[in-house]
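So the sequence lines, in the order shown, correspond to chains D and F. Residue 49 in the numbering used here is what sits at position 54 of the first sequence, and the numbering runs on without skipping anything. Residue 210 in the numbering used here is what sits at position 215 of the second sequence, and the numbering runs on without skipping anything. Notes to accompany the following structure.
Number of protein chains: 2
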Amino acid sequence: MANSKKIPAIVLTSGGLDSTTCLAIARADGFGPLYSLSFDYGQRHRHELAAARRIARHFAAAEHRVITIDLRQFGKSALTDAIDVPKDRDESKMTAEIPVTYVPARNTIFLSYALGWAEVLGVRDVFIGVNALDCSGYPDRRPEFLEAFERTANLATKMTTEAGPSARTFKVHAPLVHLTKAQIIRRGLELGVDYGMTHSCYDPDVQGRACGRCDSCLLRKKGFAEAAVSDPTRYAPV
Amino acid sequence: MANSKKIPAIVLTSGGLDSTTCLAIARADGFGPLYSLSFDYGQRHRHELAAARRIARHFAAAEHRVITIDLRQFGKSALTDAIDVPKDRDESKMTAEIPVTYVPARNTIFLSYALGWAEVLGVRDVFIGVNALDCSGYPDRRPEFLEAFERTANLATKMTTEAGPSARTFKVHAPLVHLTKAQIIRRGLELGVDYGMTHSCYDPDVQGRACGRCDSCLLRKKGFAEAAVSDPTRYAPV
């Protein structure tokens, strides 16, 4: 596809398996230049920020921006607070309940910043690697939430409210939303993603090795097993 | 109203005329305790942050929180960037066009943080002092935007998605949305608001005195004139 025909897009990147696959899909679908947006929100798993930077470079993102937002001041999440990350949980429990790793209003805040940057760049396409299957039961990952945000965004900004009726509106792309973890991994491998670069663990050790036991590790492991491909994750010795 | 019957609420406060009136209305309508939420977003008119703190204390807010968010990194607004604040503009121009003082996605970002804090506090009512009349033509002040955000918020959070069908949903209150500036001032004066405490100017001098010529000053002046009450604002000498 000729460069002049490409559509620029912002991709929310966390350094994890899902958002990296999402970046690969955006590129494969002909979007470009790609703008990578990460958040430093006081998360325990800060290794993911280094991974996000490396991955943005790997995918030749036009820009990789890290926005610092202090969600710790709200507390009440095991990802930012002094609450223990749950380990070795049963999968039925993971997906049925909203876990303590839920960060209040996280995706709403992330998408709001993406909208602000999109407006400044004149970009109308934002990719987010959420998926509603094979993930912890966070409410802000569901398609109905994403559609509601998209509607809000189109009413919120100068670019979409001043533009004429034929102008393109703001669009939230969530290409993984209906995929299982195994399907995400297979799609990523087709697109050449090196999952050894990605980082999913909520509670890595000091060397950045995955714990293998938090919800995120367990879902990731299961994904590789179901996709019947080898898992390149570096796990800490048990 | 007995304390036990009160409903807690978060009020977005800027130190300005509108949000201060909104705080007075929330209190008069029986909401409490009140949580005051301001943003330090690199705005030029930082005197408003000091005003917001004084006003929260005056209204005996249970807590006043200032969240730092760096909208300057997105640039493209006269409120945060090195673009001149327009002066002496004709009112028709002010309300018809979206001005350069528009901050990309500002109210979407502000409401997203309010939602995060609301969830942590277990609060389901957020007051925002936007008004769609007598204000600059920002898209994120219109009722349809606020309704869309409220819908998004109700799909975003644990508190509204786990609660039973009879549970109260998240509500965005915008009691000023259909009022003129003069009506807002009259309502505030009925409720005992001291507008000398409030600060609206986009471009105050070093002593914090209002310029009297930016859109915000011009609309405020006109409001006091139309309400036929004296204007307590300290203006810089011309």
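For each residue, glycine too, the CB sits at the ideal point set by N, CA and C. All values reported here derive from a predicted model rather than from experimental measurement.
> For Cys212/F, which of Asp85/F, Asp24/F, Val6/F has the nearest alpha-carbon?
Replying inline: Numbered from 1 along the second sequence, position 217 holds the residue referred to as residue 212/F. The shortest C-alpha separation from Cys212/F is found at Asp85/F.
>> Can you list, in chain order, the residues of its chain with a C-beta nearer than 7 Å to that of Val224/D? Leave out the 5 residues immediately preceding and following it.
In response: Counting from one through the first sequence, the residue named residue 224/D turns up at place 229. So the qualifying residues of the chain are Ile180, Leu184.
>> Do Thr193/F and Gly11/F have their beta-carbon atoms positioned less than 8 Å apart in this structure?
In response: As a working note, residue 11/F is residue 16 in the second sequence. As a working note, residue 193/F is residue 198 in the second sequence. Cβ distance < 8 Å, so Gly11/F and Thr193/F count as in contact.
> Lys166/D lies in the beta strand (DSSP E); which residues open and close that run?
Replying inline: Locating residue 166/D in the first sequence gives position 171, counting from the first residue. Element bounds for Lys166/D: 166 to 168.
> Hey, would you say Leu110/F sits closer than 8 Å to Thr8/D, going by beta carbons?
Replying inline: Residue 110/F sits at position 115 when you count from the first residue of the second sequence. Residue 8/D sits at position 13 when you count from the first residue of the first sequence. No; because the gap between Cβ atoms is not below 8 Å, this pair is not in contact.
> At a CB-CB cut-off below 8 Å, which residues of chain F make contact with Pro108/D?
Replying inline: Residue mapping note: residue 108/D aligns to position 113 of the first sequence, counting from 1. With the sequence shown as reference, residue 108/D is identified as Tyr, and Pro is not the correct amino acid for it. Close partners of Tyr108/D in chain F (Cβ separation under 8 Å): Ala100, Ile104.
> Can you name, in chain order, every residue of its own chain whose Cβ lies under 8 Å from the Cβ of Leu116/D, other than the five neighbours on each side?
Replying inline: Residue numbering aside, residue 116/D sits at position 121 when the first sequence is read from its first letter. Once the five neighbours on either side are set aside, the close Cβ partners of Leu116/D are Pro3, Ile5, Tyr30.
> Got a sec: which bits of the stretch -4 to 22 of chain D sit with their beta carbon under 8 Å from any beta carbon on chain F, in order along the chain?
Replying inline: none
> Which stretch, first to last residue, makes up the alpha helix (DSSP H) that contains Arg244/D?
Replying inline: The displayed coordinates of chain D run from -4 to 233. Any statement about residue 244/D would go beyond what the structure contains.
> Are any of the Cβ atoms in chain D nearer than 8 Å to that of Asp135/F?
Replying inline: In the second sequence, counting from the first residue as 1, residue 135/F sits at position 140. So, interface residue.
> Lys216/D by DSSP, collapsed to three states: which one?
Replying inline: Position 221 of the first sequence, counted from the start, is the residue given in the question as residue 216/D. Lys216/D falls in the helix class under three-state DSSP.
> Does Lys153/D get closer than 8 Å to chain F when you measure Cβ to Cβ?
Replying inline: Your numbering for residue 153/D matches position 158 in the first sequence. Taking Cβ atoms only, chain F reaches closer than 8 Å to Lys153/D, which makes this a yes.
>> The beta strand (DSSP E) that contains His59/F, what's its start and end?
In response: Along the second sequence, read from residue 1 onward, the residue named residue 59/F stands at position 64. Start and end: 58 to 63.
> If we ignore side chains and look at the alpha-carbon of each, how far apart do His173/D and Ala47/D end up?
Replying inline: For the purposes of this step, residue 173/D is identified with residue 178 of the first sequence, where counting begins at 1. For the purposes of this step, residue 47/D is identified with residue 52 of the first sequence, where counting begins at 1. About 23 Å.
> How about Asp210/F and Ala231/F: are their beta carbons less than 8 Å apart?
Replying inline: Against the second sequence, residue 210/F aligns to sequence position 215. Against the second sequence, residue 231/F aligns to sequence position 236. Cβ distance not < 8 Å, so Asp210/F and Ala231/F don't count as in contact.
>> Can you pull the chain F neighbours of Phe140/D, defined as C-beta to C-beta under 8 Å?
In response: On the first sequence, position 145 is the one that residue 140/D refers to. What Phe140/D touches in chain F: Thr147, Leu150, Ala151.
> Across which residues does DSSP place Ala205/F in a beta bridge pair?
Replying inline: Within the second sequence, the letter at position 210 stands for residue 205/F. Tyr230/F.
> Comparing alpha-carbon positions, which option in Thr175/D, Gln202/D, Gly187/D, Leu186/D lies nearest Arg215/D?
Replying inline: Locating residue 215/D in the first sequence gives position 220, counting from the first residue. Closest option to Arg215/D, Cα to Cα, is Thr175/D.
>> With a threshold of 8 Å between beta-carbons, can Thr175/F be considered close to chain D, or not?
In response: Taking the first residue of the second sequence as 1, we reach residue 175/F at position 180. Chain D has no Cβ within less than 8 Å of the Cβ of Thr175/F.
>> Here's a check: name, in chain order, each residue in its chain whose Cβ is nearer than 6 Å to the Cβ of Glu221/D, leaving out the five neighbours to either side.
In response: Position 226 of the first sequence, counting from 1, holds the residue named residue 221/D. Taken in chain order, the residues that qualify are Ala177.
> Whose Cβ in chain F lies nearer than 9 Å to the Cβ of Gly183/D?
Replying inline: On the first sequence, residue 183/D is found 188 positions in, with the first residue counted as 1. Near Gly183/D there are no residues of chain F at all, since even the closest Cβ is about 27 Å away, more than 9 Å.
>> Give me, in chain order, the residues of the same chain whose beta-carbon lies closer than 8 Å to that of Met(-4)/D; leave out the 5 immediate sequence neighbours on both sides.
In response: Counted from its first residue, the first sequence places residue -4/D at position 1. Confidence at Met(-4)/D is low in this model, with a pLDDT of 44, below 50, so its placement is unreliable and the value that follows should be read with caution. Excluding residues within five positions, the ones whose Cβ falls inside 8 Å are Gly25.
>> Considering Cα atoms alone, identify which of Phe140/D, Asp79/D, Tyr133/D is closest to Val167/D.
In response: What you label residue 167/D is simply residue 172 of the first sequence in a count that begins at 1. Ranking the options by Cα distance to Val167/D, first place goes to Phe140/D.
> Which bits of chain D does Phe144/F rub up against, with CB to CB less than 7 Å?
Replying inline: The residue you call residue 144/F lines up with position 149 of the second sequence. Under the 7 Å cutoff, chain D gives Thr147.
> Do you know offhand how far Thr16/D's Cα is from Glu145/F's?
Replying inline: Residue 16/D sits at position 21 when you count from the first residue of the first sequence. Residue 145/F sits at position 150 when you count from the first residue of the second sequence. C-alpha separation (whole angstroms): 31 Å.
> Can you name, in chain order, every residue of its own chain whose Cβ lies under 8 Å from the Cβ of Ala23/D, other than the five neighbours on each side?
Replying inline: Locating residue 23/D in the first sequence gives position 28, where the first residue counts as 1. These residues qualify, in order along the chain: Leu186.
>> Between which residues of its own chain and Ala151/D is the CB-CB distance below 7 Å, once the five residues before and five after are set aside?
In response: As a position in the first sequence, residue 151/D is number 156, starting the count at 1. Taken in chain order, the residues that qualify are Leu110.
> Buried or exposed: where does Gly124/D fall if 16 or more other Cβ atoms within 10 Å of its Cβ makes it buried?
Replying inline: Position 129 of the first sequence, counting from 1, holds the residue named residue 124/D. The residue is buried, with at least 16 neighbouring Cβ atoms inside 10 Å.
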